[in-house]
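Mature numbering (1 follows the signal peptide of the UniProt record, and there is no 0) puts the sequence shown at residues -22 to -1, 1 to 192.
Note that the Cβ used here is the ideal one computed from N, Cα and C, for glycine as well.
Nothing here was measured: the structure is a model prediction, and the numbers come from that model.
Reviewing the structure listed below.
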Amino acid sequence: MLGSKMFTLALFALLCSGPTQSRETHSLHYIYTALSKPVGLPGIHEFTAMGLLDKRMIDYFDSENQVKVPKQEWMRERLPADYWDKGTQSRKSKQQWFKVNIGILMERMRQNESDTPHVLQWMHGCEGETQPDGTLKFLTVTIRRNGRVLTADDGLQSSGVLPNDDETFQRREYVEVLKSDVSVFSCEVTHKATNEHALKDWGKKPSAVSSMWI
């Protein structure tokens, strides 16, 4: 009986969600801001985190209230309570990370505590264009056998878009082939938001498992 090997392509990328219309550009960003010490002014906190969808705030967390809360009614209605509980724990972890690292940066840059607080800010996110079916498409994945694009009819499988624990999403594409198959396989990934492009080829000497991560 012939054995088989699996070519596995796994890729992770930020994917946006929310109401869409045909061929519009949408964005999702998260902004974290930490101060080296409290300033004692109303509305200015030692740590804040917020999510922005199309430049509109959708969630918020600060070091005084210690709870991640929705800022749009549709977020409140559509997401379960455990989403906000997990989000709160994630924000608390990031708050601790920022507290530690702002101290490390100050030490490395030989900065002393002064009357003026030091600020560390981080923003990450993505932008994407809606497709005719109303979805956002950031990644194009193509697996080929001897130059021919493989489809579901060839056994190509996809996990679909799955959530990670850090507000990003993942997607996995894979196909199984026999060890005796001497075809040349390739996997091509294009990430539109960043213009990143990756190509992985498998020759006639098969390995047990092959993976490519983006």
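| Query | Result |
| --- | --- |
| Outcome for Glu24 when other beta-carbon atoms lying within 10 angstroms are tallied against a minimum of 16 | buried |
| For Thr66, the first and last residue of its enclosing alpha helix (DSSP H) | Ala59 to Arg86 |
| Status (buried if at least 16 other CB within 10 Å, exposed otherwise) for Asp179 | exposed |
| Among Lys157, Phe76, Tyr8 and Glu42, nearest to Leu31 - alpha-carbon criterion | Tyr8 |
| Counted within 10 angstroms of its Cβ, other Cβ atoms place Thr26 as buried (16 or more) or exposed | buried |
| Chain-order list of residues whose beta-carbon lies under 7 Å from that of Gln73 (same chain, five-residue window excluded) | Phe25 and Ser41 |
| Cβ pair count under 8 Å reaching 3, the region 124 to 135 against the region 148 to 156 | yes |
| Rounded straight-line distance, which links the Cα of Glu166 to that of Leu128 | 12 Å |
| Neighbour-count burial assignment, Ala130, 16 or more Cβ in a 10 Å radius | exposed |
| Short Cβ contact (8 Å threshold) for Ile82 with Ser14 | no |
| Candidates Val162, Gln50, Lys33 and Pro20, of which the one nearest Met101 by Cα | Lys33 |
| CA-to-CA distance, Glu174 to Thr66, given in whole angstroms | 32 Å |
| Glu107, enclosing beta strand (DSSP E) - first and last residue | Val97 to Glu107 |
| Pairwise C-alpha distance: Ile22 and Val45 | 16 Å |
| Nearest-angstrom Cα separation, counted from Leu6 out to Asn90 | 35 Å |
| Range of the contiguous beta strand (DSSP E) that encloses Glu174 | Glu174 to Trp180 |
| Backbone CA spacing between Val162 and Gly125 [nearest angstrom] | 8 Å |
| Euclidean distance between Cα positions of Thr108 and Thr94 | 44 Å |
| Asp37, DSSP secondary structure in three states | strand |
| Member of Arg123, Trp62, Ala176 and Leu19 whose CA lies at the smallest distance from the CA of Val160 | Arg123 |
| Rounded C-alpha distance that separates Glu154 from Glu105 | 33 Å |
| Sub-8 Å separation of Asp63 and Val47 beta-carbons | no |
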